[in-house]
Structures are given as structure tokens and as C-alpha cells.
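In case it helps, mature numbering (1 follows the signal peptide of the UniProt record, and there is no 0) puts the sequence shown at residues -19 to -1, 1 to 72. The structure appears right after this line, and notes come after that.
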Amino acid sequence: MLISVLALAAGLSAPQAPSAYNALESLPVSAFVIDCQVSGQSLTDCKVVDGDPDTDVRAAKALKLAADIQVPETLALANPGRIKIKLNVNP
């Protein structure tokens, strides 16, 4: 019984190998808020709220990603008009 408790304690205190999640956490990430018009199941007339796509490559990439998003029909029907989405852009 004592040996199994010691083995369990040793297993819990053993150093863990770095995971893929830890590696992703260390990447610099930029999040941008994009304001878009919902048109059917597409997003149109998108604008970056908190960045300038003319001077920031990541903001331009976020704008391009937003143009490729397909909105589920239920979301489009529930949110006619404009919506804001937040996109994370990795370098």
C-alpha cells in the first residue's frame, strides 16, 4: 500500500513534457475586431475596428479571413444587419 502511494506521488510530481498547447501559447497573436454586414450567409463590407489594414499586415490578414467566413443560416437570420467578430491572427 505504501509503495503504491509513493508511486502515485512520484507520478504526480514528475515533470510533464511540453505540450503543443504550450508551444501555441508562446506564439505572438494579434486579435482584431472586425465589423461586417451580414448578407445572406456571407460577410460583406467588413472593416477592422481596432487596426489599420493599410499599415498592419495582420489587420489586413484578419480582413481577408473575415471575407472568407460563411455564416450559418440561423445566425444570419438572427442577426440581420451588422455583426462584430473577433479574429486571432498568427504571424
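C-beta atoms are modelled at their ideal positions from N, C-alpha and C, and glycine is treated no differently. This one's a predicted model, so the numbers in the text were calculated from it and none came from an experiment.
Contact check, residue i vs residue j, beta carbons under 8 Å
i   : j   : result
N71 : A12 : no
Q18 : R63 : yes
Other residues of its chain near residue i: CB distance less than 6 Å, five sequence neighbours each side excluded
i           : result
I66         : I15
A41         : P34
residue 76  : Because the chain spans -19 through 72 in this model, residue 76 falls outside it and cannot be assessed.
residue 122 : Lying before the first or after the last residue shown, residue 122 is absent from the chain, which here runs from -19 to 72.
R39         : S11 and V70
Straight-line Cα distance separating residue j from residue i
i      : j   : result
L46    : V52 : 13 Å
P61    : E54 : 11 Å
C27    : S20 : 11 Å
A57    : T36 : 31 Å
S(-16) : A59 : For S(-16), the predicted model reports a pLDDT of 44, less than 50, meaning its position is unreliable; a value from the coordinates is still stated below. Taking the straight line joining both Cα atoms gives about 57 Å.
Nearest-angstrom Cβ-Cβ length linking residue i and residue j, presumed shorter than 8 Å
i   : j   : result
V29 : A48 : Actually they do not touch by this definition, with Cβ atoms about 12 Å apart.
Contacts around residue i, its chain only, beta-carbon distance under 7 Å, and the 5 residues preceding and following it disregarded
i   : result
D31 : F13 and V14
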